[in-house]
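Only one structure is covered here, and it is reproduced in the block below.
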């Protein structure tokens with residue numbers, strides 16, 4: 344509240360002990376949390392002057408994920424947007440660069456651009472080291488992509504594509520084991536803003552590449568995969584060239600996945 348009215352600046356509370364206290368609400372009963380708690384932590388996580396190393400030392404990503412799961416399950420609509428903004432701010436920190444995060448948000452095709460990936464190789468010294476814990480929340484991100492509120496949907500889809508960069512292995516597991524939720528989100532978005540849909544397509548394409556490149560073994564639902572392929576086939580014929588390109592790229596990657604029944 345004090346920050347919202349300009350009485351306190353982020354720079355006034357950047358000491359590790361003070362920052363840690365601001366995040367203490369995540370340790371207790373989440374039903375006692377309030378929106379001001381979440382907005383304060385979002386302001387800290389997104390502040391340029393905040394040292395990422397301090398945020399990394401807190402080791403709170405799993406608890407932030409728990410908060411997201413809690414507010415989504417309880418349909419706490421007033422919490423959803425600030426909580427997703429909170430998650431997104433941490434995930435951007437996980438990419439090691441705010442500039443690369445903004446670029447990926449606006450142009451998700453960069454996720455599968457090898458030159459771009461090499462130019463922003465994640466430095467573990469300058470990012471949040473426990474960001475991989477968000478991989479366990481991929482299912483919730485995908486559910487929220489299908490939210491009727493465009494802003495909620497936009498933030499959730501952004502989290503999906505950014506997490507693919509920040510924690511490739513964990514994001515891959517999260518996407519490929521949640522294909523039914525992914526296909527549902529894609530179906531809901533087929534008549535909506537293409538950017539959110541394009542993020543999902545490139546996120547999945549990236550995951551397919553990671554799956555094969557890393558020699559991963561996962562139980563992938565063939566029926567869900569076929570549903571995704573059917574939707575992608577439709578998107579390939581879109582009049583939106585960016586969506587059609589994303590669908591064509593994903594289609595080729597899906598064909599490379601093993602089918603184990």
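In our numbering, the protein residues as written are 344 to 604.
In this text, a Cβ means the ideal position worked out from N, Cα and C, and glycines have one as well.
**Report entry** Stretch pair the region 539-546 + the region 502-518: three plus CB contacts closer than 8 Å
**Finding:** yes
Report task. Please list, in chain order, all residues of the same chain as residue 397 whose beta carbon is under 6 Å from its beta carbon, the five residues on each side excluded. Result -> So the list reads 359 and 362, once near-sequence residues are dropped.
Query - Range covered by the alpha helix (DSSP H) that runs through residue 472 - result: Run containing residue 472: none; DSSP gives neither H nor E here.
Report task. Give the C-beta separation of residue 508 and residue 447 to the nearest angstrom, bearing in mind that I take them to be a contact with Cβ-Cβ under 8 Å. Result -> 6 Å
Query raised in the report: Would residue 501 be called buried (16 or more neighbouring beta carbons within 10 Å of its own) or exposed?
Result: buried
Query raised in the report: From what residue to what residue does the alpha helix (DSSP H) around residue 366 run?
Result: No alpha helix (DSSP H) holds residue 366; DSSP gives it neither H nor E.
Requested in this report: With a threshold of 16 other CB atoms inside 10 Å of the CB of residue 498, please say whether the residue is buried or exposed.
Outcome: buried
Query raised in the report: Unbroken alpha helix (DSSP H) runs of length 4 or more, entirely within the region 568-599: which are they?
Result: 584-598
Query raised in the report: Under 7 Å, do residue 565 and residue 602 count as touching if we go by C-beta distance?
Result: yes
Query raised in the report: Should the region 433-442 be called in touch with the region 363-371, which here means at least 3 C-beta pairs below 8 Å?
Result: no
Query raised in the report: When the distance is taken between beta carbons, is residue 578 closer than 7 Å to residue 568?
Result: It is not a contact, given that the beta carbons lie outside the stated cut-off.
Query raised in the report: Should residue 345 go down as buried or exposed, given a rule of 16 or more other Cβ atoms within 10 Å for buried?
Result: Confidence in residue 345 is poor, its pLDDT being 44 and thus under 50, which makes the residue's placement too unreliable to answer from.
Query raised in the report: Would residue 407 be called buried (16 or more neighbouring beta carbons within 10 Å of its own) or exposed?
Result: buried
Query - Option in 385, 410, 449 and 550 with minimal Cα separation from residue 431 - result: Nearest option by C-alpha distance: 385.
Requested in this report: State buried or exposed for residue 348, treating a residue as buried only when at least 16 other CB atoms are found within 10 Å of its CB.
Outcome: Any answer about residue 348 is weak, because its pLDDT of 44 lies below 50 and its placement is not dependable; what the coordinates show is given next. The residue in question, residue 348, is exposed, as its Cβ has fewer than 16 Cβ neighbours within 10 Å.
Query raised in the report: Taking the alpha-carbon positions, what's the residue 434 to residue 576 distance?
Result: 31 Å
**Report entry** Contacts around residue 530, its chain only, beta-carbon distance under 7 Å, and the 5 residues preceding and following it disregarded
**Finding:** 574
Requested in this report: Drop a sphere of 10 angstroms on the beta-carbon of residue 559, count the other beta-carbons inside from all chains shown, and report buried for 16 or more, exposed for fewer.
Outcome: exposed
Requested in this report: Assign residue 524 to one of two classes, buried (16 or more other C-beta atoms within 10 Å of its C-beta) or exposed (fewer than that).
Outcome: buried
Requested in this report: Pull up the distance between the alpha-carbon of residue 436 and that of residue 388, whole angstroms please.
Outcome: 8 Å
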